[in-house]
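Participant:
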Amino acid sequence: MKDWKAHHLDQLGTVARGKSRHRPRNDPALYGGEWPFFQTGDVKEAQLYLTNFTQTYSDTGLAQSKLWPIGTLCITIAANIAETAILGIPGCFPDSIVGFTADPAKADVRFIKYYIEMLKQEIQSASRGTTQDNLSVDKLLTFDFVVPEIGQQKEIASILSAYDDLIENNTRRIAILEEMARRIYDEWFVRFRFPGHEGVPMVESELGLVPEGWGFTALGDLVNDMRDTVNPDAVAPETPYVGLEHIPRRSIALADWGQAIDVTSTKLRFRARDILFGKIRPYFHKVAVAPVAGVASSDAIVMRVKSDKNFGMALAVVSSDAFVAHATQTSNGTKMPRANWGVLRQYPVPTPPDELQARFSDFMEKVVATVSNYVLRNRNLRTTRDLLLPKLISGELDVSTLPEPQAETT
Numbered sequence: 000m001k002d003w004k005a006h007h008l009d010q011l012g013t014v015a016r017g018k019s020r021h022r023p024r025n026d027p028a029l030y031g032g033e034w035p036f037f038q039t040g041d042v043k044e045a046q047l048y049l050t051n052f053t054q055t056y057s058d059t060g061l062a063q064s065k066l067w068p069i070g071t072l073c074i075t076i077a078a079n080i081a082e083t084a085i086l087g088i089p090g091c092f093p094d095s096i097v098g099f100t101a102d103p104a105k106a107d108v109r110f111i112k113y114y115i116e117m118l119k120q121e122i123q124s125a126s127r128g129t130t131q132d133n134l135s136v137d138k139l140l141t142f143d144f145v146v147p148e149i150g151q152q153k154e155i156a157s158i159l160s161a162y163d164d165l166i167e168n169n170t171r172r173i174a175i176l177e178e179m180a181r182r183i184y185d186e187w188f189v190r191f192r193f194p195g196h197e198g199v200p201m202v203e204s205e206l207g208l209v210p211e212g213w214g215f216t217a218l219g220d221l222v223n224d225m226r227d228t229v230n231p232d233a234v235a236p237e238t239p240y241v242g243l244e245h246i247p248r249r250s251i252a253l254a255d256w257g258q259a260i261d262v263t264s265t266k267l268r269f270r271a272r273d274i275l276f277g278k279i280r281p282y283f284h285k286v287a288v289a290p291v292a293g294v295a296s297s298d299a300i301v302m303r304v305k306s307d308k309n310f311g312m313a314l315a316v317v318s319s320d321a322f323v324a325h326a327t328q329t330s331n332g333t334k335m336p337r338a339n340w341g342v343l344r345q346y347p348v349p350t351p352p353d354e355l356q357a358r359f360s361d362f363m364e365k366v367v368a369t370v371s372n373y374v375l376r377n378r379n380l381r382t383t384r385d386l387l388l389p390k391l392i393s394g395e396l397d398v399s400t401l402p403e404p405q406a407e408t409t
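Numbering of the sequence shown is given in numbering that gives the first Met the number 0, commencing with residue 0 and proceeding in unit increments.
1) Distance check for residue 215 and residue 95, CA to CA, integer angstroms please.
2) Quick check on DSSP: helix, strand or coil for residue 129?
3) Any contact of the stretch 286 to 303 with the stretch 245 to 264, i.e. 3+ C-beta pairs under 8 Å?
4) Does the Cβ of residue 226 have 16 or more other Cβ atoms within 10 Å, making it buried, or fewer, making it exposed?
5) Roughly how many angstroms lie between the CA atoms of residue 207 and residue 349, to the nearest whole one?
6) Just checking my contact of residue 294 with residue 234 at CB under 8 Å: how many whole Å lie between their CB atoms?
7) Using C-beta distances below 6 Å, list every residue in its chain close to residue 145, excluding the 5 sequence neighbours before and after it, in chain order.
8) I need the straight-line Cα distance from residue 284 to residue 318, nearest angstrom please.
9) Do you know offhand how far residue 312's Cα is from residue 356's?
10) Just reading off the alpha helix (DSSP H) that residue 164 is part of, what are its end residues?
11) Taking the straight line between their C-alpha atoms, what separation do you get for residue 140 and residue 7?
12) Bridge partners of residue 97, per DSSP?
13) Let me know if residue 383 comes out buried or exposed under the rule of 16 or more other beta-carbons within 10 Å of its beta-carbon.
14) Reducing DSSP to helix, strand and coil, say where residue 210 ends up.
15) How big is the Cα-Cα spacing for residue 376 and residue 370?
16) In whole angstroms, give me the CA-to-CA distance for residue 352 and residue 18.
17) Pull up the CB-CB distance for residue 29 and residue 56, whole angstroms please, since I reckon it's below 8 Å.
18) To the nearest angstrom, how far is it from the Cα of residue 400 to the Cα of residue 77?
19) When burial is assigned at 16 or more other CB atoms within 10 Å of the CB, is residue 306 buried or exposed?
20) Tell me whether residue 224 sits in a helix, a strand or coil according to DSSP, three-state version.
21) By the DSSP assignment, the beta strand (DSSP E) with residue 267 in it spans what residues?
22) Tell me which same chain residues have a C-beta within less than 6 Å of the C-beta of residue 50, skipping the five on either side of it?
23) DSSP puts residue 34 in a beta bridge; with which residues?
24) Could you spell out where the alpha helix (DSSP H) holding residue 201 opens and where it closes?
25) Residues in the same chain with beta-carbon distance under 7 Å from residue 339, minus the five sequence neighbours each way, listed in chain order, please.
26) Please work out which residues of its chain come closer than 6 Å, Cβ to Cβ, to residue 109, disregarding the five sequence neighbours upstream and downstream, and give them in chain order.
27) Using DSSP with H/G/I as helix, E/B as strand and the rest coil, what is residue 114?
28) When we look at the beta-carbon of residue 169 and count the other beta-carbons within 10 Å, is it buried (16 or more) or exposed?
29) In three-state terms, what does DSSP make of residue 48?
30) Just to confirm my understanding: we take residue 63, look at its own chain, exclude 5 residues before and 5 after, and list those with CB closer than 6 Å. What are they?
31) Please classify residue 124: is it buried, with 16 or more other beta-carbons within 10 angstroms of its beta-carbon, or exposed?
32) Taking DSSP as the reference, what is the three-state secondary structure of residue 312?
33) Taking only the alpha-carbon atoms, compute the straight-line gap between residue 242 and residue 296 and give it to the nearest angstrom.
34) So, at 8 Å on beta carbons, what are the nonlocal neighbours of residue 403 in its own chain, with the 5 sequence-adjacent residues on each side left out?
35) Sorry if obvious, but does the Cβ on residue 275 come closer than 7 Å to a heavy atom of the ligand NAD?
36) How big is the Cα-Cα spacing for residue 478 and residue 342?
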């Protein structure tokens, strides 16, 4: 480490806050166009590269903001402090995010991202305020980055990013499986284009035209709302704890959780394969299958199927866009809307013939099993990466002694 030198971030590249000059910020004229608009939550949910976004700017929005180039490191300074991701596509972001553009002669942007991950707790501690946490650019620029020459930075970053690349590949596979499941559910049970549908006449029902021999039942006939409350100190400290912050948006793959020792208020028990539905601000579309048993935030609805044969259908329905939209429209409250189980339990679920139901159930079981396998792989990859990161970034471990990780074969 004798050749490693201390720098402030602005000595390694350009540092500037994102731009969102227009007021009010929620002016509808700013949104709905073609320009990606990344927010702090998008940065937090990204792995290494930032490509997914939940909002876009119009030309008006772009005019009062700035389009940052691919390779910009996004650093959150409000809401979620010191979360980082590298722009994989050009995009805009607000002033709650700082953009860092590396000087190619002095810094590798991936290395700097990993360095900030190593400093995250220290940065978050320095950002704590009396009303809300906030990290100013001036405060960010007080931290030392002790870095080697650019070639060694790239070698270290390549090892760590290889883990992130494998994680992202597995995450893409999960997304493909989930999209396949959504499309098959939609084709078979919404559009009624199931295998052999050509030979089945459509008949009138209370909910419109349906295939002959089909009916509907209420969601509450398939699943129970489990209200098994427990104090965290009544379970083992290492018991998995799932808060709404752990449940991903629009993905059933629950890959992250905390521990019961970290929470104090009453929680809900859940079992492996229970469906967890985030009832606070349901439009966030937080629905996941629990891969392990544990305790969950009381802001989640814990659904447990009454019969295993209904698992696939129940999961497909509850994670569908239509169900989430219904939960949003029927939620209570304005600032913090909550989904109402008393309403949701009445949601109509199609009841196809047993043979088609079994076929779909078998398909969904395979999807969930494969997703769970990828989740486990990602957790193992992330654990190894997190063990290596501080040792590599600090120079404690010689990068030349490490092989790059290899993808597991299926």
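C-beta atoms are modelled at their ideal positions from N, C-alpha and C, and glycine is treated no differently. Treat the numbers as computed from the prediction; the structure is a model and nothing was measured.
Facilitator: Let's see:
1) Translated into the one-based positions of the sequence shown, residue 95 becomes position 96. Translated into the one-based positions of the sequence shown, residue 215 becomes position 216. Between residue 95 and residue 215, the C-alpha separation is close to 47 Å.
2) In the sequence shown, the residue the question calls residue 129 occupies position 130. Since pLDDT at residue 129 reaches only 49, below the 50 mark, its modelled position is unreliable, and the value read off the structure follows with that caveat. In the structure shown, residue 129 sits in coil (DSSP, three-state: anything other than H, G, I, E or B).
3) yes
4) Translated into positions along the sequence shown, residue 226 becomes position 227. So residue 226 ends up on the exposed side.
5) As a working mapping, residue 207 is identified with position 208 in the sequence shown. As a working mapping, residue 349 is identified with position 350 in the sequence shown. Whole-angstrom Cα-Cα distance: 12 Å.
6) Locating residue 294 in the sequence shown gives position 295, counting from the first residue. Locating residue 234 in the sequence shown gives position 235, counting from the first residue. Right, their Cβ atoms sit about 6 Å apart.
7) Against the sequence shown, residue 145 aligns to sequence position 146. 3 and 5, listed in sequence order.
8) On the sequence shown, position 285 is the one that residue 284 refers to. On the sequence shown, position 319 is the one that residue 318 refers to. Residue 284 and residue 318: Cα-Cα distance of roughly 8 Å.
9) Within the sequence shown, the letter at position 313 stands for residue 312. Within the sequence shown, the letter at position 357 stands for residue 356. Using only the alpha carbons, I get a separation of about 8 Å.
10) Here residue 164 is taken as the residue at index 165 of the sequence shown, counted from 1. Residue 164 -> alpha helix (DSSP H) spans 149 to 188.
11) Within the sequence shown, numbered from 1, the residue matching residue 140 stands at position 141. Within the sequence shown, numbered from 1, the residue matching residue 7 stands at position 8. If I take the Cα positions, the gap works out to 6 Å.
12) Position 98 of the sequence shown, counted from the start, is the residue given in the question as residue 97. Residue 97 is bridged to 16 and 74.
13) For this step, residue 383 is matched to residue 384 along the sequence shown. Exposed, since its Cβ has fewer than 16 Cβ neighbours within 10 Å.
14) Residue mapping note: residue 210 aligns to position 211 of the sequence shown, counting from 1. Residue state, collapsed to three classes: strand.
15) In the sequence shown, residue 376 corresponds to position 377, counting from 1. In the sequence shown, residue 370 corresponds to position 371, counting from 1. Whole-angstrom Cα-Cα distance: 10 Å.
16) Your numbering for residue 352 matches position 353 in the sequence shown. Your numbering for residue 18 matches position 19 in the sequence shown. Those two C-alpha atoms are separated by around 55 Å.
17) Indexing the sequence shown from 1 puts residue 29 at position 30. Indexing the sequence shown from 1 puts residue 56 at position 57. About 6 Å; that satisfies the 8 Å criterion.
18) Here residue 400 corresponds to residue number 401 of the sequence shown, with the count starting at 1. Here residue 77 corresponds to residue number 78 of the sequence shown, with the count starting at 1. Looking at the two C-alpha atoms, the distance is approximately 38 Å.
19) Stepping through the sequence shown from its first residue, residue 306 is reached at position 307. That one is exposed.
20) Residue 224 sits at position 225 when you count from the first residue of the sequence shown. It is a strand residue.
21) On the sequence shown, residue 267 is found 268 positions in, with the first residue counted as 1. Here the beta strand (DSSP E) through residue 267 covers 266 to 269.
22) Translated into positions along the sequence shown, residue 50 becomes position 51. The residues are 87 and 88.
23) By 1-based counting over the sequence shown, the position of residue 34 is 35. Answer by DSSP bridge pairing, in chain order: 56.
24) In the sequence shown, the residue the question calls residue 201 occupies position 202. Looking at the DSSP string, residue 201 is not in any alpha helix (DSSP H); the run it does join, the beta strand (DSSP E), is 201 to 204.
25) Within the sequence shown, the letter at position 340 stands for residue 339. The residues are 329, 330 and 331.
26) Start at 1 with the first residue of the sequence shown, and residue 109 comes out as number 110. Here the set comprises 156 and 160.
27) Taking the first residue of the sequence shown as 1, we reach residue 114 at position 115. It is helical.
28) As a first step, residue 169 is located in the sequence shown; it is residue number 170 there, counting from the start. Buried.
29) Residue mapping note: residue 48 aligns to position 49 of the sequence shown, counting from 1. Of the three classes helix, strand and coil, the one that applies to residue 48 here is strand, per DSSP.
30) Indexing the sequence shown from 1 puts residue 63 at position 64. So the list reads 20 and 21, once near-sequence residues are dropped.
31) By 1-based counting over the sequence shown, the position of residue 124 is 125. Residue 124 should be labelled exposed.
32) Taking the sequence shown and counting its residues from 1, the one referred to as residue 312 is at position 313. The answer is helix: DSSP assigns residue 312 an H, G or I state.
33) Counting from one through the sequence shown, the residue named residue 242 turns up at place 243. Counting from one through the sequence shown, the residue named residue 296 turns up at place 297. Distance between the alpha carbons of residue 242 and residue 296: 5 Å.
34) As a first step, residue 403 must be located in the sequence shown, where it is residue number 404. For residue 403, where only same-chain residues beyond five positions count, the Cβ hits under 8 Å are 157, 158 and 161.
35) Only the bare structure without any ligand can be found here, which leaves the ligand NAD out of the picture.
36) In this structure the chain extends from 0 to 409, so residue 478 is not present and cannot be described.
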